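Everything below concerns the one structure shown next.
Number of protein chains: 2
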Amino acid sequence: MTKRVSVLGCGSWGTAIVKAVADNVVSSDEFYSKVYWYVRDEEYEDRSLTSWINQDHTNPIYLPKLKLPMNIIASSEIRKVVENADILMVAYPPCYIIRLVNHVKEFIKENAYFVSFCKGLILCPEENRIRLVSDLIREQTGKRCLVVIGATTALEVVGEQFTEATIGSKSLECGREVKRLLQTDYMKLVITQDDVGVELCGSLKNVVAIAAGICDGLQLGDNTKAAVIRIGFWEVSELMNELFPDRGTNYLTIEQSCGIAELFMCMSHKLDDISDIGDLDLLNISVGRRLSNNDTNRPSIRSITDKIPYRTFVDGAEYAKQIYNILADRRRTGHFPLFVAVHRICQNEIKPQELIACLQSHPIHA
Amino acid sequence: MTKRVSVLGCGSWGTAIVKAVADNVVSSDEFYSKVYWYVRDEEYEDRSLTSWINQDHTNPIYLPKLKLPMNIIASSEIRKVVENADILMVAYPPCYIIRLVNHVKEFIKENAYFVSFCKGLILCPEENRIRLVSDLIREQTGKRCLVVIGATTALEVVGEQFTEATIGSKSLECGREVKRLLQTDYMKLVITQDDVGVELCGSLKNVVAIAAGICDGLQLGDNTKAAVIRIGFWEVSELMNELFPDRGTNYLTIEQSCGIAELFMCMSHKLDDISDIGDLDLLNISVGRRLSNNDTNRPSIRSITDKIPYRTFVDGAEYAKQIYNILADRRRTGHFPLFVAVHRICQNEIKPQELIACLQSHPIHA
């Protein structure tokens, strides 16, 4: 059976994905040679976005310089895009996912499955828990859901700069199918069956990035910053099992692109504003720096994130808070001193200067 | 039995170690309250180094600003320092180790063991193999040898900045004893039984650091640099078993301070000269940058390393060469494209610009 692929989401990351898939399916025996792309019903210079994409083969709003492949069919009728698809690739901010899947679930093909490119977690403060985007998709639709997460700023991917990402898939067969759809000369994929770990790494590393930024702001030494980041990754590994036990999470997952490579990317990035940043995750390290580089007039986390557009994405502090509440409920805060310290610093309960003191009796060194 | 500790090596790292141990044993029931320190028979301002240490409690040559603990006894009589010791801590450059152990082996106590802080490998081009410093110590003396490696620039350790390191020890009992000797408020240790992996990580990451420097010099994107480093670490993990099979090496070892934290430290370091660098490993990233940032007049690896004092320590290119020769002999170069590419770039066989093309059919993405 020739499978059809649809992509949902027309931001820069969705655009990068649809381009890679379209390049791969155009002369494929395995997949239908056209890719359907759901884009919002919006206008640019008196023409609809679909018309720009289908006639001019550009996305003038999100990635104006990119020439899109001819075999992409854009549509703002979501039903049409979804009902024929065997593989549904979703690149939405997590906060819009519930509405999306509730809207489309009644017209998904029986054997279709999802691939989530959504970096981020769904926080449920009222139930004091964290949900994975992929779990929400699975529960709402009854379909399989793979995840793809990695050190992948969209602007560099569409520029065809060498990039890696991690596919998390319990089914190796689906994982390999998605790899055939996405892998190009410039974008390389590795499959792991620890789908839960892949999704958590991509989000929880934002808390570690804030800690790294605090080290920068306080001008701590290189030994100290390296130790803080490493301890942070250990806590991420431990949290994978703490938050989602019996789901087969694996310590080795942090060695994938979704783990350490994401933070290497953060650390390489020089800019402290959002111009030219495709991946807003990078701003978490900057939040840490701003929190700690001015002791006499210390800004609040609110005043820092409010200055940043799209602040939903600068989410390390929000993750730290929700995780703190979960751990406090379970009397498990003692096992995660770094996550607790980042939360308390972000909430102005302790000073950034107290970060290291919080790590001095860390269970990793017991 | 109250055990006695001796430290051999009076450079900045040896000084940091003797200080940490002296602070810990001074009021210990378990260890003799004095630490013996073998220092070279050299003079400073017309007085011997031992006299500066024993009377003035300073090491004016290597760390003049540091006040040393009073319970350190320096001596330039190596026999005296070695023959009473139960635990022998060695912080020497690897190239001096053979002569050292051959000299001392006849007067070591029967149940004594070594702790090697020597970062680096012993290259044996004539036999086309690599030896571990700890293996050499074991073979020459018949004694046990632990290793301690981590993201530990000596200047920051003596400045009591928060630092981590990894103890590699097959014996957990000895590992815990060494941890009790070294761990302080500011220096934290984690024990792993993969002693071979610990020692290899600390050295082989220098090859990955050159690759990271090449990415910097070529101004490649952040996705690319993150991918290159991650792939490099995967090759380090694979090399652990390739070079030392059946020695119990473990992929998780690269998550310790001896692995990723070492490279986080490299990447955080801003300086491109050796002033204020305690750990000369940091220069490997700088070698990569210099190799690749000037295409019209490309410098040779020799001309770069010759400009750096103590060039024995800027050893990434030498490791890459020896490993290439071993892999070529085994027809295994195809499994390690990054190590092979770094070697070829350092030897001017290919241009730095070819690094990414070399990674495009990497076995990790098969």
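Same order as they appear, the protein sequences are chains Z and L.
Residue 154 in full-length UniProt numbering sits at position 154 of the first sequence, and the numbers go up by one each step.
Residue 49 in full-length UniProt numbering sits at position 49 of the second sequence, and the numbers go up by one each step.
Using N, Cα and C, we set each Cβ at its ideal position, and we do this for glycine too.
Bear in mind the structure is a predicted one, so any value in this text is a computation, not a measurement.
So for residue i, helix, strand or coil by DSSP?
i	result
Leu63/L	strand
Thr58/L	coil
Ser171/L	coil
Phe107/L	helix
Gln360/Z	coil
Arg332/Z	coil
Phe339/Z	helix
Lys34/Z	strand
Leu8/L	strand
Ser292/Z	helix
Asp276/Z	Note that Asp276/Z scores a pLDDT of 48, beneath 50, so its modelled location is shaky and nothing firm can be said.
Ser48/L	strand
Glu164/L	strand
Cys346/Z	helix
Leu88/Z	strand
Glu318/Z	helix
Glu139/L	helix
Glu43/Z	strand
Got a sec, what are the start and stop residues for the alpha helix (DSSP H) residue i sits in?
i	result
Ser12/Z	Ser12 to Val25
Leu282/L	That residue, Leu282/L, is in no alpha helix (DSSP H); it is neither H nor E in DSSP.
Ser203/L	Asp195 to Gly217
Lys351/L	Note, Lys351/L: premise wrong, no alpha helix (DSSP H); not H, not E.
Phe264/Z	Glu262 to Ser268
Val148/L	Taken as a continuous stretch (DSSP letters only), Val148/L belongs to no alpha helix (DSSP H), being part of the beta strand (DSSP E) at Cys145 to Ile149.
Val157/L	Ala154 to Val158
Arg79/L	Ile78 to Glu83
Show which residues of chain L have a CB atom less than 7 angstroms away from the CB atom of residue i.
i	result
Asp185/Z	Gln360
Met240/Z	Near Met240/Z there are no residues of chain L at all, since even the closest Cβ is about 13 angstroms away, more than 7 angstroms.
Residues of chain Z with CB closer than 8 angstroms to the CB of residue i, please, in chain order.
i	result
Val157/L	Asn223
Leu121/L	Here the premise fails: no neighbours, minimum Cβ distance about 21 angstroms.
Ser268/L	Asp222, Lys225, Ala226 and Met267
If I follow the unbroken beta strand (DSSP E) through residue i, where does it start and stop?
i	result
Ser237/L	Careful: Ser237/L lies outside any beta strand (DSSP E), inside the alpha helix (DSSP H) at Asp222 to Leu243.
Tyr92/Z	Tyr92/Z -> no beta strand (DSSP E), and no H or E assigned at all.
Met187/L	Met187 to Thr192
Leu123/L	Leu121 to Cys124
Ser75/L	Ile72 to Ser75
Leu132/Z	Arg129 to Leu132
Val115/Z	Tyr113 to Ser116
So, residue i versus residue j, is the Cβ gap smaller than 8 angstroms?
i	j	result
Val228/Z	Thr15/Z	no
Ser268/L	Ile254/L	no
Gln322/L	Pro94/L	no
Asp195/L	Leu146/L	yes
Asp135/Z	Ala112/Z	no
Ser292/L	Asn348/L	no
Ala261/Z	Ala320/L	no
Ala22/Z	Val35/Z	yes
Val82/L	Val104/L	yes
Ile137/Z	Cys258/Z	no
Gln256/Z	Thr163/Z	no
Gly248/L	Glu199/L	no
Leu359/Z	Leu327/Z	no
Ser203/Z	Gly120/Z	yes
Thr224/L	Ile356/L	yes
Glu354/L	Arg180/L	no
Ile73/Z	Asn54/Z	yes
Can you pull the chain Z residues whose beta carbon is under 9 angstroms from the beta carbon of residue i, in chain order?
i	result
Arg230/L	Ala151, Glu164, Glu255, Gln256, Ser257, Gly259, Ile260, Ala261 and Phe264
Chain L partners of residue i, CB-CB under 9 angstroms?
i	result
Phe336/Z	Within chain L, no residue comes near Phe336/Z; the closest Cβ sits about 16 angstroms away, beyond 9 angstroms.
Given that residue i touches chain L, what residues does it touch there, using C-beta distances under 8 angstroms?
i	result
Lys109/Z	What Lys109/Z touches in chain L: nothing, since even the nearest Cβ is about 30 angstroms away.
Ala227/Z	Ala151, Phe162, Thr163, Glu164, Lys188, Ser257 and Ala261
Ile356/Z	Phe162
Ser286/Z	Going along chain L, no residue has its Cβ under 8 angstroms from Ser286/Z, so there is no contact; the nearest lies around 14 angstroms.
Gln251/Z	According to the sequence as given, residue 251/Z is Tyr; it is not Gln. Correct list: Leu252 and Glu255.
Phe233/Z	Glu255 and Ile260
Leu220/Z	Gln161 and Phe162
Give the interface partners of residue i over in chain C, defined as CB-CB distance under 9 angstroms, in chain order.
i	result
Leu189/L	Looking for chain C here will not work: the only protein chains present are Z and L.
If we count Cβ pairs, one from each stretch, closer than 8 angstroms, do we get three or more for the region 51-68 of chain Z versus the region 97-113 of chain Z?
-> No, the region 51-68 of chain Z is not in contact with the region 97-113 of chain Z.
message: Taking contact to mean 3 or more Cβ pairs, one atom from each stretch, closer than 8 angstroms, check whether the region 206-226 of chain L and the region 187-194 of chain L are in contact.
response: Verdict: no, contact absent.
Is there contact here, the region 76-90 of chain Z with the region 7-21 of chain Z, by at least three beta-carbon pairs under 8 angstroms?
Verdict: yes, contact present.
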